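See structure below.
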Amino acid sequence: MNKTKIMSGYSIFSKLIIGINIFVLVIHLFAPLLGGVFLIEGVLIPASIIGLFLITNIIAKQIESEERVGLKLLSILSVYEILCAILWFDYPFSLFFILLNISANYGSYFIVLKRNNKETK
Numbered sequence: 350m351n352k353t354k355i356m357s358g359y360s361i362f363s364k365l366i367i368g369i370n371i372f373v374l375v376i377h378l379f380a381p382l383l384g385g386v387f388l389i390e391g392v393l394i395p396a397s398i399i400g401l402f403l404i405t406n407i408i409a410k411q412i413e414s415e416e417r418v419g420l421k422l423l424s425i426l427s428v429y430e431i432l433c434a435i436l437w438f439d440y441p442f443s444l445f446f447i448l449l450n451i452s453a454n455y456g457s458y459f460i461v462l463k464r465n466n467k468e469t470k
């Protein structure tokens with residue numbers, strides 16, 4: 350498959366996920382007005398999913414337009430993913446996902462660094 354088709358498909362998928370989570374977020378924000386209980390987890394989890402898909406959508410657009418993916422953006426994504434793992438999962442699972450995230454981003458960091466060095470030469 351073509352890289353642009355994959356990235357445009359991901360862009361459509363991420364917009365769908367963002368739309369669903371905005372709907373869930375609005376429901377959780379307006380629930381107390383209708384007699385429901387306000388839960389902070391009901392706001393933080395959809396908001397963190399929206400943020401995660403927004404960051405990855407920016408990276409996907411850079412890959413689709415064949416721009417260089419910045420190391421700063423990858424570092425921001427890594428820290429954000431670690432915070433999401435702490436927020437979403439309990440202790441033993443969050444530690445597993447944090448270590449998995451660090452190892453995956455460590456590899457992608459050096460791949461991007463090597464690619465950026467080849468393009469500058």
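Everything in the sequence shown is counted per the numbering used here, starting at 350 for the first residue and increasing by one.
Heads up, the beta-carbon is just placed ideally off N, CA and C, and yes, glycines get one too.
Remember, it's a predicted structure, so these values are computed and weren't measured experimentally.
With a threshold of 8 Å between beta-carbons, can Gln411 be considered close to chain C, or not? Of the protein chains in the structure, only one exists, and it is not chain C.
Sequence-distant residues of its chain with Cβ nearer than 6 Å to Phe341 (five each side left out): Nothing in the structure corresponds to residue 341, since the chain is present only between 350 and 470.
Per-residue DSSP class, three states only, for Arg417: Correct three-state label for Arg417: coil.
Less than 7 Å between C-beta atoms, sequence neighbours within five positions excluded: which residues of the same chain meet that for Gly400? Closer than 7 Å at Cβ, skipping near neighbours: Tyr429.
Mind reading off the beta-carbon distance from Ser360 to Ala409? Whole number of angstroms is fine, and I expect it under 8 Å. About 6 Å separates the beta carbons of Ser360 and Ala409, which is inside the 8 Å limit, making them a contact pair.
To the nearest angstrom, how far is it from the Cα of Gly384 to the Cα of Leu422? Near 41 Å, if we compare the C-alpha coordinates of Leu422 and Gly384.
Contact check, Ser427 vs Asn450 under 8 Å by CB: the rounded distance? The pair is a contact, with the Cβ atoms about 7 Å apart (cut-off 8 Å).
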